Amino acid sequence: MFTDKGRGLIFELSNEAFTEALAGRLARMAEPGDVFTLIGDLGAGKTVFARAFIRARCEEKEEVPSPTFTLLQTYDSGDVTIYHFDLYRINHAEEALELGIEEAFADGITLIEWGERLGPLLPANRLDVNLLPGKTNEARCARLAGQGYWRARLGEGFSEGAIHA
């Protein structure tokens with residue numbers, strides 16, 4: 044892990060297990076009202092990240108399907124609902140309003156694949172998780188950029204340093 048001149052934290056994830064470990068760490072930090080945007084090209088690992096986050100938070104090992112075609116899946120984690128949106132197929136940000144995204148922002152934990160498609164509808168307080176290609180086919184680089192109150196929380200949540208797969 045290293046910082047990017049005040050723009051966030053960068054993690055080198057050598058394989059899928061490290062992506063899952065990072066997602067699990069963030070799932071344990073998450074609170075009602077938190078929003079995570081998952082950004083990256085097709086195949087970057089957004090769904091892998093979301094699936095690991097949901098499993099860590101819900102402690103369920105069952106199948107966690109991608110909402111690519113349904114646009115939204117919800118999960119009960121006991122204390123809060125997790126909303127998993129995949130906005131790849133929307134044409135306009137306003138379409139997400141019809142899915143109830145504002146309600147999700149208010150009371151749930153929200154994961155949004157292709158979150159950048161929301162543009163001005165993105166909440167000011169969020170954590171942007173940008174997944175980029177790594178040095179090998181299995182590796183990824185994750186840039187975490189806190190927006191709003193996440194700037195401080197991000198540093199606090201990773202003050203002890205590295206993640207372990």
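Going letter by letter, the sequence shown gives residues 44 to 208 in the working numbering. All C-beta atoms, glycine included, are put in the ideal place defined by N, C-alpha and C. Everything numeric in this text was worked out from a predicted model, so none of it was measured.
{"Item": "Pick from 63, 144, 152: whose alpha carbon is nearest that of residue 75?", "Value": "152"}
{"Item": "Put residue 170 into one of helix, strand or coil per three-state DSSP.", "Value": "strand"}
{"Item": "Indicate whether the contact test is met: 3 or more Cβ pairs, each with one atom in the stretch 177-189 and one in the stretch 142-158, closer than 8 Å.", "Value": "no"}
{"Item": "Could you tell me whether the Cβ atoms of residue 80 and residue 133 are closer together than 7 Å?", "Value": "no"}
{"Item": "Can you check whether the C-beta of residue 120 is within less than 7 Å of a C-beta belonging to chain D?", "Value": "The question asks about chain D, but that chain is absent: this structure has only one protein chain."}
{"Item": "Between residue 109 and the rest of its own chain, which residues show a CB-CB distance below 7 Å, the 5 nearest in sequence each way excluded?", "Value": "90, 129"}
{"Item": "Could you have a look at residue 55 and say whether DSSP puts it in helix, strand or coil?", "Value": "strand"}
{"Item": "In terms of alpha-carbon separation, which member of 73, 183, 161, 82 lies closest to residue 124?", "Value": "73"}
{"Item": "Just tell me which of 99, 161, 68, 172 has its CA closest to the CA of residue 137.", "Value": "161"}
{"Item": "Taking buried to mean at least 16 other C-beta atoms within 10 Å of its own C-beta, is residue 191 buried or exposed?", "Value": "exposed"}
{"Item": "With respect to the alpha helix (DSSP H) encompassing residue 94, which residues constitute its N-terminal and C-terminal limits?", "Value": "89-101"}
{"Item": "Which whole-angstrom value is the C-beta distance of residue 201 and residue 56, which I expect to be below 8 Å?", "Value": "Not confirmed; about 14 Å, so no contact."}
{"Item": "How is the beta strand (DSSP E) around residue 156 delimited, first residue to last?", "Value": "152-156"}
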